[in-house]
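Take a look at the structure:
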């Protein structure tokens with residue numbers, strides 16, 4: 001390999017610059033996604049720390065007989081997963097709205113879009 005450029009796979013005999021740039025962009029994007037998910041999880045752990053006192057554990061065990069044998073209900077895990085799911089769905093909706101604003105005809109139909117977003121916002125608030 002000339003110029004110190006390594007091929008993308010071990011079986012490649014020649015390192016092509018455009019393929020290497022695509023591979024680097026994909027790896028960089030994947031690392032950003034992984035770092036984002038880890039920060040997201042750390043934020044959920046900060047908002048909902050592991051705090052359970054003896055009274056809460058006793059109440060859980062009294063609810064069902066199965067809870068005495070094993071832990072079947074973990075409220076913190078449920079709260080964190082609910083927080084992660086709802087924040088993911090909110091972020092997804094915001095991304096869709098932002099991407100929608102890049103539509104070529106967005107400026108032409110802006111008043112229809114504003115009027116259309118109003119009932120949609122009321123519907124989503126009611127959910």
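Residue numbers (this note's numbering): 1 to 127.
No residue lacks a Cβ here, since even glycine has one placed at the ideal position from N, Cα and C.
Since this is a predicted model, take the numbers as computed values, not measurements.
>> Using a Cβ distance threshold of 8 Å, determine whether the stretch 71-91 contacts the stretch 43-51, with at least three qualifying pairs required.
In response: Contact between the stretch 71-91 and the stretch 43-51 is present, because at least three Cβ pairs lie under 8 Å.
> Alpha carbon to alpha carbon, what distance is there between residue 19 and residue 113?
Replying inline: Translated into the one-based positions of the chain shown, residue 113 becomes position 113. Translated into the one-based positions of the chain shown, residue 19 becomes position 19. Going by the C-alpha atoms only, they are around 41 Å apart.
>> Taking the alpha-carbon of residue 121 as reference, which of 40, 38, 90 and 36 has the nearest alpha-carbon?
In response: As a working mapping, residue 121 is identified with position 121 in the chain shown. Of 40, 38, 90 and 36, the smallest CA-CA separation from residue 121 is found for 90.
> Alpha carbon to alpha carbon, how far is residue 109 from residue 42?
Replying inline: Translated into the one-based positions of the chain shown, residue 109 becomes position 109. Translated into the one-based positions of the chain shown, residue 42 becomes position 42. Put simply, the backbone Cα of residue 109 is about 41 Å away from that of residue 42.
> Helix or strand or just coil, what does DSSP make of residue 127?
Replying inline: Looking up residue 127 in the chain shown gives position 127. In this structure, DSSP gives residue 127 a state outside helix and strand, which the three-state scheme calls coil.
> Quick one: Cα of residue 22 to Cα of residue 28, how far?
Replying inline: Position 22 of the chain shown, counting from 1, holds the residue named residue 22. Position 28 of the chain shown, counting from 1, holds the residue named residue 28. Between the C-alpha atoms of residue 22 and residue 28 there is a straight-line separation of about 10 Å.
> If you check the beta carbons only, do residue 93 and residue 44 fall under 8 Å apart?
Replying inline: As a working note, residue 93 is residue 93 in the chain shown. As a working note, residue 44 is residue 44 in the chain shown. Taking 8 Å as the Cβ cut-off, residue 93 and residue 44 do not qualify as a contacting pair.
> residue 106 to residue 59, Cα distance in whole Å?
Replying inline: Here the question's residue 106 lines up with position 106 in the chain shown. Here the question's residue 59 lines up with position 59 in the chain shown. Cα to Cα, the separation comes out at about 55 Å.
> By DSSP, does residue 106 sit in helix, in strand, or in coil?
Replying inline: Taking the chain shown and counting its residues from 1, the one referred to as residue 106 is at position 106. Looking at residue 106 - three-state DSSP - the assignment turns out to be coil, as it is neither helix nor strand.
> What first and last residue would you give for the alpha helix (DSSP H) that runs through residue 75?
Replying inline: For this step, residue 75 is matched to residue 75 along the chain shown. From DSSP, the alpha helix (DSSP H) with residue 75 extends over 75-100.
> Does DSSP classify residue 16 as helix, strand or coil?
Replying inline: Numbered from its first residue, the chain shown carries residue 16 at position 16. In the three-state DSSP reduction, residue 16 falls in the coil class, being neither helix nor strand.
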